[in-house]
Every structure is written in C-alpha cells, then in structure tokens.
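Q:
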Amino acid sequence: QVQLVESGGGLVQPGGSLGLSCAASGTSFSIHNMGWYRQAPGKQRELVAVMYSGAGTSYGDSVQGRFTISQDNSKNTAYLQMNSLKPEDTAVYFCRVVTIGSMLYWGQGTQVTVSS
Numbered sequence: 020q021v022q023l024v025e026s027g028g029g030l031v032q033p034g035g036s037l038g039l040s041c042a043a044s045g046t047s048f049s050i051h052n053m054g055w056y057r058q059a060p061g062k063q064r065e066l067v068a069v070m071y072s073g074a075g076t077s078y079g080d081s082v083q084g085r086f087t088i089s090q091d092n093s094k095n096t097a098y099l100q101m102n103s104l105k106p107e108d109t110a111v112y113f114c115r116v117v118t119i120g121s122m123l124y125w126g127q128g129t130q131v132t133v134s135s
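First residue of the sequence shown: 20, per this note's numbering; consecutive thereafter.
1) Taking C-alpha atoms, which residue in Y56, M101, S26 lies nearest to R115?
2) What do you reckon, are the CB atoms on P106 and S134 nearer than 8 Å?
3) Look at the alpha carbon of H51 and the alpha carbon of Q83, and state the distance between them as a whole number of angstroms.
4) Suppose only complete runs of 3+ residues qualify. What are the beta strand (DSSP E) ranges in the stretch 59-83, listed by chain order?
5) Can you tell me the Cα-Cα spacing of S49 and S93, whole angstroms?
6) Residues in the same chain with beta-carbon distance under 6 Å from T87, minus the five sequence neighbours each way, listed in chain order, please.
7) If you drop the 5 nearest sequence neighbours on each side, which residues of the same chain put their C-beta closer than 8 Å to that of P33?
8) Just the C-alpha distance for G128 and E25, rounded to the nearest angstrom, thanks.
9) Over the uninterrupted beta strand (DSSP E) stretch that includes D108, give me the two end residues.
10) Which residue wins for smallest C-alpha separation from V21, given the options Q130, Y98, S121?
11) For the beta strand (DSSP E) holding S121, just list the boundary residues, first then last.
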C-alpha cells in the first residue's frame with residue numbers, strides 16, 4: 020500500500036505562481052511514474068504532468084511551457100511548479116503514483132484557484 024500526501028495549492032492571482040508537492044510513503048514499493056492530474060467542476064480529470072522514473076516527462080497541452088514537474092527520488096516526492104497561472108487552471112489537483120507492479124494510487128486532491 021502506498022500513501023500520498025499532497026501539499027501546496029490555494030488561491031493565486033492570474034499570472035502568479037504556485038507550487039505543489041506530493042510525498043509517497045509505504046513499504047516495499049518502487050515507482051514507475053509519478054505525476055499530477057486535475058479536475059475542474061463539470062469536466063473530466065486530465066493529465067497535467069507526469070515524470071517517468073529515469074525516462075522523461077510528459078505534459079498536458081494546456082500547461083506545456085508553464086508548468087514544470089520534478090522529483091526527488093530519495094524522498095519519493097514529486098513537485099509541480101506552476102507559473103503564469105490562468106483562471107482556467109482552477110481545479111482540484113490530484114497526485115498519482117503508478118508502481119513498478121502497475122498498482123495505481125491517488126492522492127486526496129488539493130484545490131488550486133486562480134482568480135483576481
């Protein structure tokens with residue numbers, strides 16, 4: 020079993036920046052990929068960014084060039100730096116981990132609101 024603890028999020032003005040973090044803990048697991056998804060009211064959950072252990076990153080089209088994902092493998096922690104935020108970035112952001120054994124885990128979600 021893997022537990023995910025997310026932090027960060029909150030209210031920010033358009034054009035501002037915000038950071039999220041997600042720490043994974045548990046016993047006897049290895050991460051295949053770790054990333055962020057988001058879900059706005061009335062919309063489907065969508066990819067924000069994912070980092071593959073040792074094999075690169077992938078970003079959603081709407082955040083490419085504005086958001087950056089990084090990972091501290093020693094701490095099993097992923098970070099999402101969000102710059103040039105827009106009102107349409109407002110959503111609940113969820114951390115997701117996929118283990119080497121193809122088990123999938125979601126965090127509880129953290130609210131990001133971009134508004135003046």
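We put the CB at the ideal spot given by N, CA and C, even for glycine.
A: So, to answer that:
1) Y56
2) yes
3) 22 Å
4) 65-71, 75-78
5) 11 Å
6) Q100
7) L104, K105, P106, V133, S134, S135
8) 7 Å
9) Per DSSP, D108 belongs to no beta strand (DSSP E) and is neither H nor E.
10) S121
11) Careful: S121 lies outside any beta strand (DSSP E) and carries neither H nor E.
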